[in-house]
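**Student:** Sharing a structure, written as structure tokens. Questions coming.
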Amino acid sequence: MSDLTPQSEAPTPTTDKITQAARETIYLCNFRVSVDGEWLCLRELNDISLTPDPEPTHEDSWEDFTDLVEQMQMLDEFKDPKDPIAIERLNLMNMAKLSIKGLIESALNLGRTLDSDYAPLQQFFVVMEHCLKHGLKSKKTFLGQNKSFWGPLELVEKLTPEAGEITASVKDLPGLKTPLGRGRAWLRLALMQKKLSDYMKTIINRKDLLSEFYEPNALMMEEEGAVIAGLLVGLNVIDANLCMKGEDLDSQVGVIDFSMYLKDSTHSSKSTEGDGQITAILDQKNYVEELNRHLSASVNNLQAKVDALEKSNTKLTEELAVANNRIITLQEEMERGKEESSYLVESSHKASRADGTANGQVLGETRKQLKEETQLRLDVEKELEVQIGMKQEMELSMKMLEKDICEKHDALVELRQQLDEMRTLNHELSIKSQSSEAGAKQKSDIISRLEEKTNQMGSTIKQLESRCKKAERERDLADEANRLFKQEFGDKIESLQEEVEQLRRQRWLLEQELRKWRENPGGHIPEALLGKPPPQRDMRQHVEDIRRELESVKKENDTLRSAFEEKSSLSSSLTLSHEDEQDQSLSKNTDPTICPMCENQDSLTTPKRQCKNCSGVFCENCVANELPLPSSINPEHVCDVCYSQLLQQYSSSPS
Numbered sequence: 001m002s003d004l005t006p007q008s009e010a011p012t013p014t015t016d017k018i019t020q021a022a023r024e025t026i027y028l029c030n031f032r033v034s035v036d037g038e039w040l041c042l043r044e045l046n047d048i049s050l051t052p053d054p055e056p057t058h059e060d061s062w063e064d065f066t067d068l069v070e071q072m073q074m075l076d077e078f079k080d081p082k083d084p085i086a087i088e089r090l091n092l093m094n095m096a097k098l099s100i101k102g103l104i105e106s107a108l109n110l111g112r113t114l115d116s117d118y119a120p121l122q123q124f125f126v127v128m129e130h131c132l133k134h135g136l137k138s139k140k141t142f143l144g145q146n147k148s149f150w151g152p153l154e155l156v157e158k159l160t161p162e163a164g165e166i167t168a169s170v171k172d173l174p175g176l177k178t179p180l181g182r183g184r185a186w187l188r189l190a191l192m193q194k195k196l197s198d199y200m201k202t203i204i205n206r207k208d209l210l211s212e213f214y215e216p217n218a219l220m221m222e223e224e225g226a227v228i229a230g231l232l233v234g235l236n237v238i239d240a241n242l243c244m245k246g247e248d249l250d251s252q253v254g255v256i257d258f259s260m261y262l263k264d265s266t267h268s269s270k271s272t273e274g275d276g277q278i279t280a281i282l283d284q285k286n287y288v289e290e291l292n293r294h295l296s297a298s299v300n301n302l303q304a305k306v307d308a309l310e311k312s313n314t315k316l317t318e319e320l321a322v323a324n325n326r327i328i329t330l331q332e333e334m335e336r337g338k339e340e341s342s343y344l345v346e347s348s349h350k351a352s353r354a355d356g357t358a359n360g361q362v363l364g365e366t367r368k369q370l371k372e373e374t375q376l377r378l379d380v381e382k383e384l385e386v387q388i389g390m391k392q393e394m395e396l397s398m399k400m401l402e403k404d405i406c407e408k409h410d411a412l413v414e415l416r417q418q419l420d421e422m423r424t425l426n427h428e429l430s431i432k433s434q435s436s437e438a439g440a441k442q443k444s445d446i447i448s449r450l451e452e453k454t455n456q457m458g459s460t461i462k463q464l465e466s467r468c469k470k471a472e473r474e475r476d477l478a479d480e481a482n483r484l485f486k487q488e489f490g491d492k493i494e495s496l497q498e499e500v501e502q503l504r505r506q507r508w509l510l511e512q513e514l515r516k517w518r519e520n521p522g523g524h525i526p527e528a529l530l531g532k533p534p535p536q537r538d539m540r541q542h543v544e545d546i547r548r549e550l551e552s553v554k555k556e557n558d559t560l561r562s563a564f565e566e567k568s569s570l571s572s573s574l575t576l577s578h579e580d581e582q583d584q585s586l587s588k589n590t591d592p593t594i595c596p597m598c599e600n601q602d603s604l605t606t607p608k609r610q611c612k613n614c615s616g617v618f619c620e621n622c623v624a625n626e627l628p629l630p631s632s633i634n635p636e637h638v639c640d641v642c643y644s645q646l647l648q649q650y651s652s653s654p655s
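Each residue of the sequence shown is one higher than the one before, counting from 1 in the UniProt record's numbering.
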């Protein structure tokens, strides 16, 4: 940045220098994305200002500006300000910071689990893709040069065994064909596991492995990568449920949408009424998740400590046994030394008494040996005290270890009880599921049988309908025959009846005149009696012929009428109205009696109904069931006994 100020001025940056540096490096203010070769660059925008917070203030924007200026000063101290790669690293870091901040705030305001269609989440993945692609080495293949960040992400499986599940899941996805699609799927699965920050920290700390994939000045090889990995920790408060089946991750175009982060300066978002409660609930949820994570980590640490203490306990017991053996040997040596020293003192006293001119050199050696034995005894006593202290500490640690083991044992017993309860519950659920499956199978069998019976009844109904149509045709033919018979023989029957009546009247008149003449035998004989009597045999024969002809006509008419009545009764039995009229007439004609089936006193006043199967008369409650009979198409009222018998008969009939 020294070329922005005159050489005569002091090295401290001026306002013009800071403004010029900010214009060159600020990623979030008055810029849009563009591509220059293989690098992501920015172009200036007008009349648009940045508001990263939902309700920005002048102080917040000034703090962001000062932070960016401090970052530029750090770049000015260590790196060349004209280096476009350093500027791109800083721009990507700031963009990642803004994307993560906006995603967290929008997710907390939303208050629910995020899906793959959520726009801020999609933009976050686009920004992470640009960060991982920055400074990536291109691999030469037969089809040309290829850049993919799937190679660095595969290193996480080697460094962290927990990431093996994600890598295996990504490789098993059927729709992914390119390394770029696998890398995008890996980022989404790591975010759902809330381990994205941990995995990024793991690979960033191993720059010796990353150097195979990235240039030395890439974002992942510099300090900006560590900053982004630290920013990703905040994403652990977000719950995401991303479905990658059917999503085309291979051909997506990663373009950053700056309209989500660039807003008008007069724009201000309105807070809803329940934001406070939602944020409090989410904070509690996140706190519980973090607490659960810390507790699981502490449990793992305690388990490791227990294993280490058990190993140290065995070592201490062995050392204690060795120390006890050594103490015993030292005590024996000390007793031996005491005996030797006492023996030497006594021998020296005896020698001094026996010979007054004892050798002073022997006495000095004896004293020196006594002093050494005394010092050795003191050392042994000190070592004994040290061993006693170590033994006490070991006993204390053993007591604490036993207490911890008891607690772990109680927890293990509770967990086993819970496991047994879960097993019993699972067994009960399996039994219930088996019983429900058996019931469902039985119901399906019943349904199949009912369907077969329905088909049989349908065929029976079709047959009855055909019979009904045939009966109707026969009835129509009978009506037509009756009509033709009446037209043909009606006049003849009437003339014959008139002739018979005329003969009867004539006979009656003749009988009256004959009776009068017999009463007055001397009187005048009537002319009718005097005239030539008609032949009596011919008259009788004629009357007999007329009677026979009349009787034959009547018989034929009766047969036609009976056939017509049968056809009309068959057709009327197919309708419900005729049945109701018959039941009403039956209930009117029958005397009030008690129902012979239920024998209820209340049935004395209730109307009666006839069973169409057994022709019995019962109350309405006992004849409430309906079933189709072989003699009828529509369902008929039957009594309870006939209903059960017919059901048993239908169920036992072959399908």
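By construction, the Cβ of each residue, glycine as well, lies at the ideal position given by its N, Cα and C atoms.
If L196 and P152 are in contact, beta carbons under 8 Å, what's the gap, nearest whole angstrom?
**Tutor:** By one-based count along the sequence shown, residue 196 stands at place 196. By one-based count along the sequence shown, residue 152 stands at place 152. About 14 Å separates the two Cβ atoms, so there is no contact after all.
**Student:** Can you grab the Cα-Cα spacing for the pair D307 / E402, in whole Å?
**Tutor:** Along the sequence shown, one-based indexing puts residue 307 at 307. Along the sequence shown, one-based indexing puts residue 402 at 402. The straight-line gap from Cα to Cα measures roughly 13 Å.
**Student:** Just the C-alpha distance for D115 and S251, rounded to the nearest angstrom, thanks.
**Tutor:** On the sequence shown, residue 115 is found 115 positions in, with the first residue counted as 1. On the sequence shown, residue 251 is found 251 positions in, with the first residue counted as 1. One C-alpha to the other measures close to 20 Å.
**Student:** Please report how far the alpha carbon of Q369 lies from the alpha carbon of K338, in whole angstroms.
**Tutor:** On the sequence shown, position 369 is the one that residue 369 refers to. On the sequence shown, position 338 is the one that residue 338 refers to. Near 11 Å, if we compare the C-alpha coordinates of K338 and Q369.
**Student:** Alpha helix (DSSP H) containing R188: first to last residue?
**Tutor:** Counted from its first residue, the sequence shown places residue 188 at position 188. P179 to Q193 is the span of the alpha helix (DSSP H), which, as asked, contains R188.
**Student:** Between the region 236-250 and the region 172-183, do three or more beta carbon pairs fall short of 8 Å?
**Tutor:** Yes: at least three Cβ pairs fall under 8 Å.
**Student:** Distance, Cα to Cα, L187 vs E407?
**Tutor:** Reading the sequence shown from its first residue, position 187 is the one you call residue 187. Reading the sequence shown from its first residue, position 407 is the one you call residue 407. Taking the straight line from one Cα to the other gives about 40 Å.
**Student:** Just verifying my parser: in three-state terms, what is the DSSP assignment at P630?
**Tutor:** Here residue 630 refers to the residue found at position 630 of the sequence shown. DSSP places P630 in coil when its eight states are reduced to three.
**Student:** Look at C131 and A96 and say whether their C-beta atoms are less than 7 Å apart.
**Tutor:** As a working note, residue 131 is residue 131 in the sequence shown. As a working note, residue 96 is residue 96 in the sequence shown. Cβ atoms of C131 and A96: closer than 7 Å.
**Student:** Which residue wins for smallest C-alpha separation from K285, given the options L316, V237, M260 and V253?
**Tutor:** As a working mapping, residue 285 is identified with position 285 in the sequence shown. Ranking L316, V237, M260 and V253 by Cα distance to K285 puts V237 first.
**Student:** Leaving out five residues on either side along the sequence, give the residues of the same chain with a beta carbon under 7 Å from the beta carbon of F149.
**Tutor:** As a position in the sequence shown, residue 149 is number 149, starting the count at 1. The residues are L132, K133, L136 and G183.
**Student:** Counting pairs of Cβ atoms below 8 Å between the region 590-604 and the region 612-619, do you hit three or more?
**Tutor:** Yes, the region 590-604 is in contact with the region 612-619.
**Student:** Could you tell me the distance, in whole angstroms, from the CA atom of R473 to the CA atom of D479?
**Tutor:** One-based indexing of the sequence shown puts residue 473 at position 473. One-based indexing of the sequence shown puts residue 479 at position 479. Rounded to the nearest angstrom, the two C-alpha atoms are 10 Å apart.
**Student:** To which residues does DSSP link K608 through a beta bridge?
**Tutor:** For the purposes of this step, residue 608 is taken as residue 608 along the sequence shown, with counting starting at 1. Looking at the DSSP assignment, K608 forms a beta bridge with C619.
**Student:** Mapping the DSSP letters down to three states, classify A297 as helix, strand or coil.
**Tutor:** Indexing the sequence shown from 1 puts residue 297 at position 297. DSSP places A297 in helix when its eight states are reduced to three.
**Student:** Please report whether the beta-carbon of K608 lies at a distance below 7 Å from any beta-carbon of chain D.
**Tutor:** The structure shown has no chain D; it contains just one protein chain.
**Student:** Return the chain-ordered ranges of every beta strand (DSSP E) run that is complete within the region 434-484 and spans a minimum of 3 residues.
**Tutor:** Listed in chain order, nothing qualifies, since the region 434-484 has no complete beta strand (DSSP E) run of 3 or more residues.
**Student:** Sort N600, F485 and R609 by Cα distance to S552 and report the nearest one.
**Tutor:** As a first step, residue 552 must be located in the sequence shown, where it is residue number 552. If we check each option's Cα against that of S552, F485 comes out closest.
**Student:** Would the beta-carbon of F125 fall within 7 Å of that of L103?
**Tutor:** Residue numbering aside, residue 125 sits at position 125 when the sequence shown is read from its first letter. Residue numbering aside, residue 103 sits at position 103 when the sequence shown is read from its first letter. Contact flag unset, no.
**Student:** Out of M390, E556, R89 and E395, point me to the one whose CA is closest to N217's CA.
**Tutor:** Numbered from its first residue, the sequence shown carries residue 217 at position 217. Nearest option by C-alpha distance: R89.
**Student:** Could you compute how far the alpha carbon of C622 sits from the alpha carbon of L629?
**Tutor:** Within the sequence shown, residue 622 is the residue found at index 622, counting from 1. Within the sequence shown, residue 629 is the residue found at index 629, counting from 1. Computed Cα separation, rounded: 18 Å.
**Student:** For A240, does the three-state DSSP call read helix, strand or coil?
**Tutor:** Along the sequence shown, one-based indexing puts residue 240 at 240. In the structure shown, A240 sits in a strand (DSSP, three-state: E or B).
**Student:** How close, in whole Å, do the beta carbons of M260 and P120 come, if the pair is a contact with beta carbons under 8 Å?
**Tutor:** For the purposes of this step, residue 260 is identified with residue 260 of the sequence shown, where counting begins at 1. For the purposes of this step, residue 120 is identified with residue 120 of the sequence shown, where counting begins at 1. Contact holds; Cβ gap of about 7 Å.
**Student:** Classify G458: buried if its beta carbon has 16 or more other beta carbons within 10 angstroms, exposed otherwise.
**Tutor:** The count along the sequence shown starts at 1 and reaches residue 458 at position 458. Classification of G458: exposed, given that the 10 Å Cβ count is below 16.
**Student:** Per DSSP, what kind of secondary structure is Y287 in: helix, strand or coil?
**Tutor:** Locating residue 287 in the sequence shown gives position 287, where the first residue counts as 1. In this structure, Y287 counts as helix in the three-state DSSP scheme.
**Student:** Run the CB neighbour count on N520, radius 10 Å, all protein chains shown included, and call it buried at 16 or more, exposed below.
**Tutor:** Taking the first residue of the sequence shown as position 1, residue 520 is located at position 520. N520 should be labelled exposed.
**Student:** Is the separation between the beta-carbon of R377 and that of M334 shorter than 7 Å?
**Tutor:** In the sequence shown, counting from the first residue as 1, residue 377 sits at position 377. In the sequence shown, counting from the first residue as 1, residue 334 sits at position 334. Yes, the pair counts as a contact, with Cβ atoms nearer than the cut-off.
**Student:** Secondary structure at H134, three-state DSSP: helix, strand or coil?
**Tutor:** Here residue 134 refers to the residue found at position 134 when the sequence shown is read from its first residue. Coil.
**Student:** Secondary structure at N600, three-state DSSP: helix, strand or coil?
**Tutor:** For the purposes of this step, residue 600 is identified with residue 600 of the sequence shown, where counting begins at 1. Three-state result, N600: coil.
**Student:** What would DSSP say about E498, mapped onto helix, strand or coil?
**Tutor:** Taking the first residue of the sequence shown as 1, we reach residue 498 at position 498. Helix, per DSSP.
**Student:** I'd like the span of the alpha helix (DSSP H) that includes E223, first residue to last.
**Tutor:** Against the sequence shown, residue 223 aligns to sequence position 223. Counting along the chain, the alpha helix (DSSP H) containing E223 begins and ends at E223 to L231.
**Student:** If L330 sits next to V386, beta carbons under 8 Å apart, how far is it from one beta carbon to the other, in whole angstroms?
**Tutor:** Within the sequence shown, numbered from 1, the residue matching residue 330 stands at position 330. Within the sequence shown, numbered from 1, the residue matching residue 386 stands at position 386. That belief does not hold up - the Cβ atoms of L330 and V386 are roughly 13 Å apart, past 8 Å.
**Student:** Kindly indicate which three-state DSSP category V638 falls into: helix, strand or coil?
**Tutor:** What you label residue 638 is simply residue 638 of the sequence shown in a count that begins at 1. Correct three-state label for V638: strand.
**Student:** By a C-beta neighbour count over all protein chains shown, 10 Å radius and 16 as the cutoff for buried, is S603 buried or exposed?
**Tutor:** Within the sequence shown, numbered from 1, the residue matching residue 603 stands at position 603. Answer is buried; the Cβ neighbour count reaches 16.
**Student:** Using 7 Å as the threshold, is the C-beta distance between I228 and G111 below it?
**Tutor:** As a position in the sequence shown, residue 228 is number 228, starting the count at 1. As a position in the sequence shown, residue 111 is number 111, starting the count at 1. No, they are not a contact pair.
**Student:** I546: which of E499, Y650 and Q375 sits nearest, CA to CA?
**Tutor:** Taking the sequence shown and counting its residues from 1, the one referred to as residue 546 is at position 546. Among E499, Y650 and Q375, the Cα nearest to that of I546 belongs to E499.
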